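**Q**
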Amino acid sequence: MTTTQERPSVRTLRPETPPVEVRPPSRAGGWLRRHAASLLVLLPILAIGGVVQRLNMAGSPQRIDDEGTYTAQAWAIGHLGELTHYTYWYDHPPLGWIQIAGYTGLTNAFARYDQAVMAGREAMLFFTLVSAILIWLLSRRLKLSRAAAGVATAVFALSPLAVQFHRTVYLDNVAVPWLLLAFLLALSRKNQLAGFIGSAFAFGVAVLTKETFLLALPFLAWVMIRNSDRSTRRYTLATSGAVLALVGLAYVVFAAVRGELIPGPGHTSLISGLSFQLGTRDSSGSILDTGSLFFKVVNQWWILDQVFIVMGLLSAIVGLFLRRTRPFAVLVLFAVAVMFRPNSYVPVPYVIMLLPFGALLVAAVGDTAVKAYRARRAGTVTTSLTRIGATAWLVASAVAIAALVPLWTVQLRGFLLSDLDQPMVSAEQWVDDNVPHDSRLLVDDSMWVDLVKDGFAQDNVIWFYKIDTDGAVEAQSPNGWRDSDYLVTTNSVRTSAANSPDVQDALKNSTVVASFGEGTEQVDVRQIHPQGEAAAKQTAETENAAQIAAGTEIAANPNFTGSDAVKKQLEAGQLDSRALVVLSELLATGPVDMKTLVPLPGEEGLDFRSLVITSSGAGTPAELKTWLTSVGSKYAPSTVTQTSGGTTVVFPAIEPSGLLG
Numbered sequence: 009m010t011t012t013q014e015r016p017s018v019r020t021l022r023p024e025t026p027p028v029e030v031r032p033p034s035r036a037g038g039w040l041r042r043h044a045a046s047l048l049v050l051l052p053i054l055a056i057g058g059v060v061q062r063l064n065m066a067g068s069p070q071r072i073d074d075e076g077t078y079t080a081q082a083w084a085i086g087h088l089g090e091l092t093h094y095t096y097w098y099d100h101p102p103l104g105w106i107q108i109a110g111y112t113g114l115t116n117a118f119a120r121y122d123q124a125v126m127a128g129r130e131a132m133l134f135f136t137l138v139s140a141i142l143i144w145l146l147s148r149r150l151k152l153s154r155a156a157a158g159v160a161t162a163v164f165a166l167s168p169l170a171v172q173f174h175r176t177v178y179l180d181n182v183a184v185p186w187l188l189l190a191f192l193l194a195l196s197r198k199n200q201l202a203g204f205i206g207s208a209f210a211f212g213v214a215v216l217t218k219e220t221f222l223l224a225l226p227f228l229a230w231v232m233i234r235n236s237d238r239s240t241r242r243y244t245l246a247t248s249g250a251v252l253a254l255v256g257l258a259y260v261v262f263a264a265v266r267g268e269l270i271p272g273p274g275h276t277s278l279i280s281g282l283s284f285q286l287g288t289r290d291s292s293g294s295i296l297d298t299g300s301l302f303f304k305v306v307n308q309w310w311i312l313d314q315v316f317i318v319m320g321l322l323s324a325i326v327g328l329f330l331r332r333t334r335p336f337a338v339l340v341l342f343a344v345a346v347m348f349r350p351n352s353y354v355p356v357p358y359v360i361m362l363l364p365f366g367a368l369l370v371a372a373v374g375d376t377a378v379k380a381y382r383a384r385r386a387g388t389v390t391t392s393l394t395r396i397g398a399t400a401w402l403v404a405s406a407v408a409i410a411a412l413v414p415l416w417t418v419q420l421r422g423f424l425l426s427d428l429d430q431p432m433v434s435a436e437q438w439v440d441d442n443v444p445h446d447s448r449l450l451v452d453d454s455m456w457v458d459l460v461k462d463g464f465a466q467d468n469v470i471w472f473y474k475i476d477t478d479g480a481v482e483a484q485s486p487n488g489w490r491d492s493d494y495l496v497t498t499n500s501v502r503t504s505a506a507n508s509p510d511v512q513d514a515l516k517n518s519t520v521v522a523s524f525g526e527g528t529e530q531v532d533v534r535q536i537h538p539q540g541e542a543a544a545k546q547t548a549e550t551e552n553a554a555q556i557a558a559g560t561e562i563a564a565n566p567n568f569t570g571s572d573a574v575k576k577q578l579e580a581g582q583l584d585s586r587a588l589v590v591l592s593e594l595l596a597t598g599p600v601d602m603k604t605l606v607p608l609p610g611e612e613g614l615d616f617r618s619l620v621i622t623s624s625g626a627g628t629p630a631e632l633k634t635w636l637t638s639v640g641s642k643y644a645p646s647t648v649t650q651t652s653g654g655t656t657v658v659f660p661a662i663e664p665s666g667l668l669g
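All residue numbers for the sequence shown refer to my numbering, where the first residue is 9 and numbers rise by one.
1) CA-CA distance, alanine 208 and glycine 249?
2) Measure the C-alpha to C-alpha separation of glutamine 200 and serine 277 and round it to an integer number of angstroms.
3) May I have a chain-ordered list of the alpha helix (DSSP H) segments no shorter than 4 residues that lie completely inside the region 465-550?
4) Determine the contact status of isoleucine 106 and glycine 128, defining contact as a CB-CB distance below 8 angstroms.
5) Quick check: the region 449-469 against the region 73-82, are at least 3 beta-carbon pairs closer than 8 angstroms?
6) Relative to the C-alpha of leucine 282, which candidate in Thr651, Val531, Ala367 and Thr220 has its C-alpha closest?
7) Sort out for me which residues DSSP pairs isoleucine 621 with in a bridge.
8) Spatial neighbours of glycine 540 within its chain, please: C-beta separation below 7 angstroms, excluding the five flanking residues on both sides.
9) Which whole-angstrom value describes the C-beta separation of valine 359 and methionine 319, a residue pair presumed to lie in contact below a C-beta threshold of 8 angstroms?
10) Check each candidate in Ile205, Ala214, Ala162 and Gly203 and name the one with the smallest Cα separation from alanine 183.
11) Alpha carbon to alpha carbon, how far is threonine 79 from valine 125?
12) Does DSSP classify threonine 597 as helix, strand or coil?
13) By DSSP, does histidine 688 sit in helix, in strand, or in coil?
14) In the DSSP assignment, find the alpha helix (DSSP H) that holds leucine 252 and state where it starts and stops.
15) Please state whether the Cβ-Cβ distance between leucine 595 and phenylalanine 568 is less than 8 angstroms.
16) Going by CA-CA distance only, name the one from Ser624, Phe659 and Phe336 that's closest to serine 641.
17) For histidine 275, name the three-state secondary structure that DSSP assigns.
18) According to the neighbour-count rule (16 or more other Cβ atoms, all chains shown, within 10 Å of its Cβ), is serine 571 buried or exposed?
19) Would you kindly check if the distance between the Cβ of leucine 578 and the Cβ of alanine 563 is under 8 angstroms?
20) Valine 496: buried (16+ other C-beta within 10 angstroms of its C-beta) or exposed?
21) First and last residue of the alpha helix (DSSP H) that includes aspartate 290?
22) Whole-angstrom Cβ separation of tyrosine 643 and valine 574, contact assumed at under 8 angstroms?
23) Rounding to the nearest angstrom, what Cα-Cα distance links valine 460 and glutamine 466 in this structure?
24) Does the distance from the C-beta atom of threonine 519 to that of glutamine 535 stay below 8 angstroms?
25) Going by DSSP, which residues form a beta bridge with serine 412?
26) I'd like the list of long-range same chain contacts for valine 326, defined as Cβ closer than 6 angstroms, with 5 residues on each side in sequence excluded.
27) Would you check if the region 410-427 and the region 384-393 touch, i.e. whether three or more CB-CB distances between them fall below 8 angstroms?
28) Please list, in chain order, all residues of the same chain as threonine 11 whose beta carbon is under 8 angstroms from its beta carbon, the five residues on each side excluded.
29) Could you round the C-beta distance between glutamine 123 and valine 433 to whole angstroms and report it? I think they count as a contact, below 8 angstroms.
30) Going along the chain, which unbroken runs of the alpha helix (DSSP H) with 4 or more residues stay wholly within the region 173-240?
31) Look at threonine 176 and glycine 104 and say whether their C-beta atoms are less than 8 angstroms apart.
32) Are the CB atoms of phenylalanine 135 and proline 7 within a distance shorter than 8 angstroms?
33) State the Cα-Cα distance for the pair glycine 422 and glutamate 482, rounded to the nearest angstrom.
34) In terms of DSSP beta bridges, what is threonine 569 paired with?
35) Measure the beta-carbon distance from alanine 531 to alanine 661 and round it to whole angstroms, keeping in mind my assumption that it falls under 8 angstroms.
36) Contact check, phenylalanine 262 vs methionine 232 under 8 angstroms by CB: the rounded distance?
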């Protein structure tokens, strides 16, 4: 019998599956998960605000003298190795433009723009976005909802009043993020000593960026005292106070090391600068006087955004009754009250410090009203005053939103589409193309860097404000305005001329050689006549009589062909003297046909220095060009261009006198 031997079962051994390693989330990943909801609200607001401020920032608003000064000072640090482009006189602490210089140096901003002020405006965009982030953080630290924090950030970023001033190169924009950081750190609960020290340091930087921010010191102290732990209050407050004092003392030491702390002959001083800013500066006048600076400043704010101004002030009043916003409400109301003190000076950018707190208060009061309304619906609020107040505020907010939508739409559209700076750009280009580069210029500071970069000597481009206020400039101009050749006038120059005898005299004794734009945006290039207004007028009358005589003779020449309009312009003496001489010589070669005279850009109403010749006895267009370039340097055109319509001849802008005898 055969016995079947059973085979042992073969068990397949499978490798054990290793346990899945569960890695703890990274710090970045964990942070993103915790703050995802906040980022979904904040990031779109930052993106929209950044785009609105960046788009067309070169077109609106038109550059002004102040932002040219801060930009030029920042440029001087990086390109001249100097603190300013002129004698530093302690009008403001230098830390503000040092920060602008840091940004432009790190980003190479000056090399990316034809107009230097635009590099400064790009820096303002950076500081504004940082401020917007800090407003969000401060709102959340004050326990505002995400929606309310978003409202505060959006109002700060998108109000036309904010966009106007955030685009402009002001030291206040650089100081705002430091001030917000100071308040944010003052609300620290954990590591309070470090938070208070950081707050004091940030506030010191804010004040050394723009000294007017010192107004916020009592309110920062209020927040610190209210938020401090009682057991360590004395120590934390004393330490933070010492830090603030040390930061402020650094400015005093800086002046002392330079030998410029105390007034003395031959140098500026910190005490003199503070005395001017705090005591001797001219008053802005009364807001009731429509011609006063005070009225004009406030009216400018009002036109830009009435809704935000009204709601901000109302929010400050209501905020007095809310514990979490009380210090900020008192800060806003105090800063407004300071404007109305007797003989006060109200600078145009004064509102910049109020913008973040106004936006914060609008959002905080609205947040409180919404929460009170919800509590009422839930039946947990029994106070009738609270119910009425919440309802009234929500109604007021609805009315405000209905009013601001069309207002913001129109204003922001203007910022995005208008080109208010074109007159400045055109005037700079005209000067570069037509004014000899060895000339001496009196200019608005907003074009100082551009003209120096164009090749004009640094000492020959004079900020108009310095012609009779800076000893170094006065030493280079012993004859005052008479030592300058041209004056470029902007609205800043025209409105400030009353404070400068030299600028007034330069205006009286000069004539316009090019003009661009109109109204407050108008920019004129004026040739200064050192011999005086009367002598210049007499010379001009003599020249014009000679031009009339020569033009009348040409119009009557049988070899000349032109329209009746051209002949009338010739007989009126409206053609440049060199063109008249060249045209007379050209007529001797044979018949000449000339088209209508058209003024060059910026020279409407002045003598024509451009003409189009259709045909001449000199021969072909190429032969005519050769003939024109051989007439001699005194009469030679600057350009001769051949087109399908004829030969366009343009003579240099600066016309010598006495060519017609």
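Ideal Cβ placement from N, Cα and C applies to all residues, glycine included.
On a predicted model such as this, the values are computed, not experimentally measured, just so you know.
**A** From the atom records:
1) Counted from its first residue, the sequence shown places residue 208 at position 200. Counted from its first residue, the sequence shown places residue 249 at position 241. Each residue's alpha carbon lies about 7 angstroms from the other.
2) Here residue 200 corresponds to residue number 192 of the sequence shown, with the count starting at 1. Here residue 277 corresponds to residue number 269 of the sequence shown, with the count starting at 1. Each residue's alpha carbon lies about 38 angstroms from the other.
3) 479-484, 499-504 and 509-516
4) Residue numbering aside, residue 106 sits at position 98 when the sequence shown is read from its first letter. Residue numbering aside, residue 128 sits at position 120 when the sequence shown is read from its first letter. In this structure, glycine 128 does not lie closer than 8 angstroms to isoleucine 106 by Cβ.
5) yes
6) Taking the first residue of the sequence shown as position 1, residue 282 is located at position 274. Among Thr651, Val531, Ala367 and Thr220, the Cα nearest to that of leucine 282 is on Thr220.
7) Looking up residue 621 in the sequence shown gives position 613. Answer is Met602 and Thr655, bridged to isoleucine 621.
8) As a position in the sequence shown, residue 540 is number 532, starting the count at 1. Same-chain partners within the cutoff: Asn517.
9) On the sequence shown, position 351 is the one that residue 359 refers to. On the sequence shown, position 311 is the one that residue 319 refers to. Valine 359 to methionine 319, Cβ: 14 angstroms. No contact.
10) Locating residue 183 in the sequence shown gives position 175, counting from the first residue. For alanine 183, the nearest C-alpha among the options comes from Ala214.
11) The residue labelled residue 79 in the question sits at position 71 within the sequence shown. The residue labelled residue 125 in the question sits at position 117 within the sequence shown. Threonine 79 and valine 125: Cα-Cα distance of roughly 6 angstroms.
12) Indexing the sequence shown from 1 puts residue 597 at position 589. Of the three classes helix, strand and coil, the one that applies to threonine 597 here is coil, per DSSP.
13) Outside the displayed range of the chain (9 to 669) lies residue 688, so it cannot be described from this structure.
14) Start at 1 with the first residue of the sequence shown, and residue 252 comes out as number 244. Leucine 252 -> alpha helix (DSSP H) spans 241-265.
15) Against the sequence shown, residue 595 aligns to sequence position 587. Against the sequence shown, residue 568 aligns to sequence position 560. Result yes, Cβ atoms of leucine 595 and phenylalanine 568 sit closer than 8 angstroms.
16) Here residue 641 is taken as the residue at index 633 of the sequence shown, counted from 1. Out of Ser624, Phe659 and Phe336, Phe659 has the C-alpha closest to the C-alpha of serine 641.
17) The residue you call residue 275 lines up with position 267 of the sequence shown. Here histidine 275 sits in strand by DSSP.
18) As a working mapping, residue 571 is identified with position 563 in the sequence shown. So serine 571 ends up on the exposed side.
19) For the purposes of this step, residue 563 is taken as the residue at position 555 of the sequence shown. For the purposes of this step, residue 578 is taken as the residue at position 570 of the sequence shown. Yes, they are a contact pair.
20) Position 488 of the sequence shown holds residue 496. Classification for valine 496: buried.
21) Stepping through the sequence shown from its first residue, residue 290 is reached at position 282. Run containing aspartate 290: none; DSSP gives neither H nor E here.
22) In the sequence shown, counting from the first residue as 1, residue 643 sits at position 635. In the sequence shown, counting from the first residue as 1, residue 574 sits at position 566. Tyrosine 643 to valine 574, Cβ: 20 angstroms. No contact.
23) Taking the sequence shown and counting its residues from 1, one reaches residue 460 at position 452. Taking the sequence shown and counting its residues from 1, one reaches residue 466 at position 458. In a straight line, the C-alpha of valine 460 is about 6 angstroms away from that of glutamine 466.
24) The residue given as residue 519 occupies position 511 in the sequence shown. The residue given as residue 535 occupies position 527 in the sequence shown. Yes. Within cutoff.
25) Taking the sequence shown and counting its residues from 1, the one referred to as residue 412 is at position 404. Before going on, a small fix: residue 412 reads as leucine here, not serine. Leucine 412 pairs with nothing; no bridge assigned.
26) The residue given as residue 326 occupies position 318 in the sequence shown. Excluding sequence neighbours, valine 326 sits near Val373.
27) no
28) Position 3 of the sequence shown, counted from the first residue, corresponds to residue 11. Residue confidence for threonine 11 is low, a pLDDT of 49 falling below 50, so the modelled location carries little weight; the figure read from the coordinates is stated next. Closer than 8 angstroms at Cβ, skipping near neighbours: no residue.
29) Along the sequence shown, one-based indexing puts residue 123 at 115. Along the sequence shown, one-based indexing puts residue 433 at 425. Going by Cβ atoms, the distance from glutamine 123 to valine 433 rounds to 7 angstroms, so yes, they are a contact pair.
30) 179-194, 200-217 and 225-235
31) Walking along the sequence shown from the start, residue 176 turns up at place 168. Walking along the sequence shown from the start, residue 104 turns up at place 96. Contact: no.
32) Because the chain is modelled from 9 through 669, residue 7 falls outside the range shown and cannot be assessed.
33) Residue 422 sits at position 414 when you count from the first residue of the sequence shown. Residue 482 sits at position 474 when you count from the first residue of the sequence shown. Between glycine 422 and glutamate 482, the C-alpha separation is close to 42 angstroms.
34) The residue you call residue 569 lines up with position 561 of the sequence shown. Threonine 569 is bridged to Asp601.
35) Position 523 of the sequence shown, counted from the start, is the residue given in the question as residue 531. Position 653 of the sequence shown, counted from the start, is the residue given in the question as residue 661. In the sequence as presented, alanine is not what sits at residue 531; that position holds valine. Between alanine 661 and valine 531 the Cβ distance is about 15 angstroms, and since that is not below 8 angstroms, they are no contact.
36) Within the sequence shown, numbered from 1, the residue matching residue 262 stands at position 254. Within the sequence shown, numbered from 1, the residue matching residue 232 stands at position 224. With 8 angstroms as the limit, phenylalanine 262 and methionine 232 do not qualify as a contact, their Cβ atoms being about 27 angstroms apart.
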